[in-house]
Amino acid sequence: MESIGYNPLTGLKRTNYRILMEKRIKRVLMICSSYDAYTLEEDGQIEVQLYREYVDLNISNPPAFTWVTTADDAKELLLNGNEFDLIISMFNTADTNIFQLSGYLKKKGIETPFVLLTHFSKEVFKRIENEDRSAIDYIFSWNGNADLILAIIKLIEDKMNADNDIITAGVQCILLVEDSIRYYSTYLPAIYKLVLQQSAEFLKEALNEQQQKMRKRARPKILLATNFEEAAELYEKYKKNILGVISDIGFTMRRNEPSSAENLEAGLMLAQMIKEDNPYIPILLQSSQESLRSKAEALGCGFLVKYSVTLLLDLSEYIKEEFVFGDFTFRDLTTGEIIGVAKDLKSMQAILNEIPDDVLYYHTSRNRISKWLFSRGLFMLAREIKGLGSKEFDSIDEIRKSIIRKFKDYRMLVGQGVVAKFNPATYNKYIWYAKIGEGSLGGKARGLAFVNSLLQKNDMLTKYEGMKVMIPRSLVIATDYFDWFIQNNGLQYVINSKISDSELLSEFVSSRLPEDLSIKLRAYLETVDKPLAVRSSSKLEDSHFQPFAGIYSTYMIPVTENKDQMLRLLEKAIKSVYASVFFAASRSYIHTTANMLGEEKMAVVIQGVCGTEDQGYYFPTISGVARSLNHYPISDEKPEDGIVNMAFGLGKLIVEGGQGLRFSPKYPSKILQLSTPKLALRDTQNIMYALNLEPEKFKTSIDEGINIQKFTIPQASKFRNIKHVASSWDMYNDRIVHNSFDDTGYKIITFANILQFNKYPVAKIIRDLLEICEQELRSPVEIEFAVNLDVPYGKDAIFNVLQVRPITNYQENKETREITQEDIDSALIYTPLALGPGHIENITDIIYVKSDSFDKSKTEDMVKEISALNTKIKERRGSYILIGPGRWGSSDPWLGVPVQWNDISEAKVIVETALKYFQIEPSQGTHFFQNITSLGVGYMTVNEFSGDGFFKEELLGNLPAEYESTFIRHISLEKSPSIYINGKEGKGIVTL
């Protein structure tokens, strides 16, 4: 399957549907006798018919009707301040005041359109001709059909909105020229019904409600002229957007001329004038005289006989074929044989690839393809296609490639920035964000949809040379499917059960998903050509004050040629994500946040994994986390400059606390870790993660990384992608070489090409994203991202925004009590690097890792002890301070103790310390860090070797231990220590 990149249509802007059809008929005043009212209301049920017409044609808000019986009643109503958008009067021979009323209203400045309805009768028409009709806007022949009322309303709405919609926005129109009241009263309902029915068909391609509204409002308008003068004016004014002309042949030349002044060849004159201006515009002429057919055809016009019993059917067929309305039919130019029918953009794009050169040139040179697009309300694409056939191309093949490329680009564009409702029949690879189900998107998916709209709103997709910024193509399974899965598989019992995570997962994976979901997922997989990440998106995730970052599971599955096999893997991953709601760690975290497990709902986000395949593994060139607020700025950095932590390979390394490269997006070339070769060798990335593409590696497991492979950087040197991110260490000269990739040198992940030499605008993109998202969320934010630089020559690299979430800003902690030197001198712990909610009270215990016996190779053993102590303290409803070297919660046990949240759920203060031989940077950017800070847990970093505070461990050594082992010591306190964090200055202190 062809891989999709994003190539924008030059200068393309979306049309805002709100500017179309701004003027609407909402209130109609009906003037008719009691008998006519009865006929219309009771027998004809006009309002019911009209409502049904609106519903059937997918038109919203039918107008409300007010009924009066005489012109005098109407006059009284209007003069008493009642406002109407349209006045319709039935002609009553006994009440000729209607003509006086219309004139009176115009003199009073009431410009409400005035329409006269009359039953067809030569005698009645003669009576009407003798009246002053100058203030009557339209006269129609009434036959009891509600379609005519609908057509009248739409005709007047079209006239009111013509200048704005046609000239400004590019809406197309059909010009109807007919002076016979009887015939245009017949034609208009027929044409409108055709237009509105086709418009309803076009809605099937719309991805969301906004696009549906756009398509509805962008349907072609119909403009009615009853004489040559009026027709010529309308043509001249709107000729750039006329789909075609339908005209009588005999009519008057000027306004207000009597019918006796009819010119029997006025229609031929009009057709000749138009054809001289535009020979390709379709014109359908009609007459009661068959003898005029030859003259019409000589001008290149179609011809219909008015009295034909198939008149309306023939009219409909002509409009569909010649106005390129409805399906687009391609025919062999010699035989007339149909060689292709395009029903939508997808089929049109496919057919354009196959039709012969002469057929393609015929249609492009006559702008028929652009006309078809215009009639469907696809103005952006239509403007790009229009005129292509006349431009200078070296070959028709170049025209073909150009048109197909624009179709692809447009389909990609309309798929961006919207949440599409998943439809198996119309879903395709150009739809970028779709939803299955009617329930909630969940927090993560909602944030992703929001950032998708922001990217479109701020033109981020096309803003940066050489790099496209977009979300991964995403499909969301809404929360209602989670509810169905739990209820219909009898899994409610797990909410209160005591079974292990492995047993629980087995129960979930052996249960079934709804059949309709499986069918939709199968259709989705037909469009997939890369591995998928199956991610949680719960109701509680990524809320402003209680983020659930990393609490639930994310699974990755490889792409397989056998789609049935891939469907089984995908369904297994979805069920595993559902199960993660009830894992022990999830339960513990939900309990800590004071939420109820039974109230949690889970949606699932399925995304294409950013990256490329390399030697049986799949990974992005770069992955990382960026935060708009840097809690630990150094040198010239300021908190508001933000902080980025990124790595080579999958983002598992960063979000789980592994060692990446830390930099300020404002100063991307100033990186402490790279300041000397010694620091670079010691403190830069030493492992990377990649997805194993062997399907059998994905197994049911509570370990979401079951098929994720870890490589050391020397092992990863075999991957071609490393050339974008690595430098070499010249051991003989003890220097780092950036501008050459020496296969013999030791590889260091420096991202020098990107951060120092700015080959790709990654730092600029991150800065812009942080600024935009922070402004829109009105909160500091954290962004997860991935970058693929491994693209074919000449193609743009991809920057994927994976997730945006709000973060807690402890600078808003207004506690400003000064920490004095006297306070510091008497403290157990002091640090200038602290986060937290001010005063922390009711601490009952302290658990700390003993510095003198710390062994970084034994950190996994320490987890078991700490978890057991946490359970003990929880049972007696206590809380404690947790102290230890390195990075708490890191998945890399060599960087600190790899606890999970349920292991330390009762900790109210967490302190990361340093040893002379073990100094690790703070945990910013990890899921663990995000969750502990959002829960109001105090967080302190102490490194006395760099002058950042102290921990007087000896003071604790003098206190009796409730528990002590080789590595861990637990002290039960008689009274709570004094704990204070100055949020403004970032200082923290603990005093016994």
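Mind the numbering: the sequence shown is residues -17 to 974 in this note's numbering, read in order. Every residue, glycine too, gets a C-beta built ideally from N, C-alpha and C.
Which partner residues of residue i appear in the DSSP bridge assignment?
i: Phe47; result: Val10
i: Val287; result: Ser269
i: Tyr775; result: Beta-bridge pairing links Tyr775 to no other residue.
i: Cys755; result: According to DSSP, which records beta bridges pairwise, Cys755 is partnered with nothing at all.
i: Trp124; result: His101
i: Asn770; result: Ile780
i: Asp930; result: Asn925
Consult DSSP for residue i and reduce its assignment to one of helix, strand or coil.
i: Val707; result: coil
i: Cys592; result: coil
i: Asp114; result: coil
i: Gly26; result: Because the pLDDT at Gly26 is just 49, under 50, the model does not fix this residue reliably, and the value given afterwards should be weighed accordingly. Correct three-state label for Gly26: coil.
i: Phe645; result: strand
i: Gly907; result: Confidence in Gly907 is poor, its pLDDT being 48 and thus under 50, which makes the residue's placement unreliable; the coordinate value appears in the next sentence. Coil, per DSSP.
i: Asn1001; result: Residue 1001 lies beyond the stretch modelled for the chain, which goes from -17 to 974, so this question has no answer here.
i: Phe601; result: strand
i: Gln691; result: strand
i: Ser958; result: coil
i: Asn79; result: helix
i: Ala253; result: helix
i: Arg393; result: helix
i: Gly970; result: strand
i: Lys620; result: coil
i: Asn245; result: strand
i: Glu319; result: coil
i: Lys729; result: strand
i: Gly(-13); result: Any answer about Gly(-13) is weak, because its pLDDT of 40 lies below 50 and its placement is not dependable; what the coordinates show is given next. Looking at Gly(-13) - three-state DSSP - the assignment turns out to be coil, as it is neither helix nor strand.
Between the options, which has its C-alpha nearest residue i's C-alpha?
i: Gly929; options: Pro814, Gly868, Pro959; result: Pro814
i: Glu183; options: Ile822, Leu327, Ile829; result: Leu327
i: Asn43; options: Ile80, Phe102, Leu132, Glu65; result: Leu132
i: Asn405; options: Asp314, Asp340, Lys502; result: Lys502
i: Phe233; options: Val153, Asp259, Ser270; result: Ser270
i: Gly539; options: Arg199, Ser873, Gly590, Asp665; result: A small fix is needed here, since residue 539 is Ile in this sequence, not Gly. Of the listed residues, the one whose Cα sits closest to Ile539 is Gly590.
i: Gln180; options: Gly308, Asn470, Glu842, Arg702; result: Gly308
i: Lys277; options: Val306, Phe73, Ser519, Leu246; result: Leu246
i: Gly369; options: Leu551, Ser384, Gly931; result: Ser384
i: Asn238; options: Ala402, Arg115, Val769, Val891; result: Arg115
i: Val287; options: Asn349, Ile231, Lys175, Ser357; result: Ile231
i: Thr316; options: Tyr300, Asp340, Leu423; result: Asp340
i: His821; options: Met12, Phe781, Gly918, Pro788; result: Gly918
i: Asp462; options: Glu804, Gln691, Glu420, Ile588; result: Glu420
i: Ser103; options: Leu83, Ile653, Asn74, Arg760; result: Asn74
i: Gln268; options: Ala889, Ala253, Gly642; result: Ala253
Below 6 Å CB to CB, which residues in the same chain sit around residue i once its five sequence neighbours on both sides are set aside?
i: Leu771; result: Thr603, His706, Ala779
i: Arg275; result: Phe285
i: Asn(-11); result: With a pLDDT of only 43 at Asn(-11), under 50, the local geometry of the prediction cannot be trusted, and no value is derived from it.
i: Met72; result: Cys14, Asp18, Leu99
Starting from residue i, follow the alpha helix (DSSP H) in both directions and report where the run begins and ends.
i: Tyr343; result: 339 to 347
i: Tyr560; result: 545 to 562
i: Arg350; result: 350 to 357
i: Asp54; result: 53 to 61
i: Lys90; result: Unbroken run through Lys90: none, as it is neither H nor E.
Excluding five sequence neighbours on each side, which residues of the same chain lie with their C-beta closer than 8 Å to the C-beta of residue i?
i: Tyr728; result: Leu663, Pro696, Ser710, Trp711, Met713
i: Ile950; result: Ile829, Tyr830, Val831, Lys832, Met844, Glu847, Ile848, Leu851
i: Gln331; result: Ile386, Phe389, Lys390, Arg393
i: Leu810; result: Phe933, Lys934, Leu937, Leu938, Pro959, Val972, Thr973, Leu974
I need the boundaries of the beta strand (DSSP E) containing residue i, first residue and last residue.
i: Met670; result: 669 to 674
i: Lys890; result: 889 to 895
i: Ser71; result: 68 to 72
i: Ala418; result: In the sequence on display, residue 418 carries Ile and not Ala. Here the beta strand (DSSP E) through Ile418 covers 415 to 418.
i: Asn627; result: 625 to 629
i: Ile718; result: 717 to 719
Short of 7 Å in beta carbon distance, which residues of its chain neighbour residue i, apart from the five on each side in sequence? Order them along the chain.
i: Leu824; result: A small fix is needed here, since residue 824 is Asn in this sequence, not Leu. Within the same chain, Asn824 has close Cβ partners Ser861, Ser958.
i: Ser167; result: Phe122, Ser123, Leu130
i: Ser873; result: Glu638, Gly639, Gly640, Pro880
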